[in-house]
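The opening residue of the sequence shown carries number 1 in this note's numbering; numbering runs sequentially from there.
Every residue, glycine too, gets a C-beta built ideally from N, C-alpha and C.
Just so you know, these numbers come straight off a predicted model, no measurement behind them.
Here's the structure, in structure tokens; my notes come after.
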Amino acid sequence: MNEAAHILSLGACVQSSCLALMAAKGEIGPMPAAAIFADTQAEPPSVYRWLDWLEKQLPFPVHRVTAGSLTERITTTRVNRKNGNIYYSNMIPAFVLNSDGSQGITGRSCTFDFKIQPILKELRKLGGIKRGQKTVGLVQWIGISLDEVSRMKDSREPWAENRWPLIEMRMNRHDCLRWIERNGYPKPPRSACSYCPFHSDAEWRRLKSEEPEEFMKAVEVERLLQQAQASVTTKDRMHGTVFLHRSLVPLRQVDFSTEEERGQVNMFQNDCSGVCGV
Ligand code: SF4
């Protein structure tokens with residue numbers, strides 16, 4: 001085992017929460033020096049409540065880091081001072097209905113800019129990593145479970161080594177839930193931005209019924225995204241309309257009956273690189 005500090009990347013989802021609690025109970029070691037939660041400032045209140053609770057159960061600190069408000073970034077257009085063009089940088093993976101009837105999905109940078117980058121910055125700080133360092137200075141724990149094995153990726157940074165303790169323990173998401181229940185802890189919520197287009201219909205349904213204010217915020221974000229896209233004046237302006245739901249129907253009007261009922265593909269495997277809970 002590497003002697004460098006072990007630091008947990010905490011998405012506040014089922015898997016990373018289970019990992020944090022297992023470490024707290026000494027069921028996996030060594031004890032992490034800290035956990036890092038990257039906050040897009042767009043998670044539903046249930047996730048922040050969970051994080052507040054979880055923090056109190058852990059013997060190591062949780063560092064909350066942020067690159068600012070993702071909602072603000074994705075709904076704000078900017079003006080080029082030189083030529084007056086209005087531009088907009090899309091960041092989330094929205095679904096697009098093009099004017100010729102074709103469909104697509106926009107590229108995303110939200111995971112990298114609002115999750116991965118702030119975590120790397122904090123890791124560097126916590127691990128005392130020097131500029132240009134090529135030797136491993138810390139071990140990052142990532143809460144990916146056995147059913148998500150395809151999401152395992154080696155660290156791109158030479159100074160960090162990735163570790164997947166749940167995979168080492170052959171635990172899948174269901175095992176994590178059973179461990180949490182067996183130990184008398186409450187069930188963690190699904191962690192992701194309220195308006196993440198990768199939501200399954202089950203998650204949209206849950207948001208709409210259990211956190212209706214968040215659902216209405218997502219409806220408003222969709223409207224603002226469409227407004228921002230339409231106001232772009234640069235040459236590469238997208239000739240289409242963006243939607244948050246894969247059906248290309250305004251979120252407010254979507255029928256969230258189960259994917260199985262409609263025979264649709266679940267996008268849940270289309271993840272947030274093991275950093276977010278989606
Ligand atoms: S949860 Fe979705 S919207 Fe939020 S950062 Fe991850 S991919 Fe982007």
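The three-state reading of DSSP puts SER9 in strand, counting E and B together. Nearest to VAL79 by alpha-carbon distance, out of GLU55, TYR88 and ASP175, is TYR88. Its Cα nearest to that of PRO32, the residue VAL62 stands out among VAL62, ILE119 and PRO188.
In the structure shown, PHE243 adopts extended strand secondary structure according to DSSP, grouped into three states.
Annotation for ILE92 indicates a beta carbon within 7 Å of some heavy atom of the ligand SF4. The C-alpha of LEU51 is placed about 17 Å away from the C-alpha of GLY184. Between the ligand SF4 and the CB of CYS176, the shortest heavy atom gap is not smaller than 7 Å. Measuring C-alpha to C-alpha distances from LEU138 to each of HIS239, ILE28, GLU210 and ILE129 identifies ILE129 as the nearest. Here SER191 is not near GLY29, since their CB atoms are 8 Å or more apart. GLU43 is classed as buried because its beta carbon has at least 16 other beta carbons within 10 Å across all chains shown.
Considered as a whole, the region 58 to 124 harbours 62 to 66, 95 to 98 and 103 to 105 as its complete beta strand (DSSP E) runs of no fewer than 3 residues, in chain order. The three-state secondary structure of VAL139, taken from DSSP, is strand. Between THR76 and VAL232, the alpha-carbon positions lie close to 11 Å from each other. Not one heavy atom of the ligand SF4 sits closer than 7 Å to the Cβ of LYS217.
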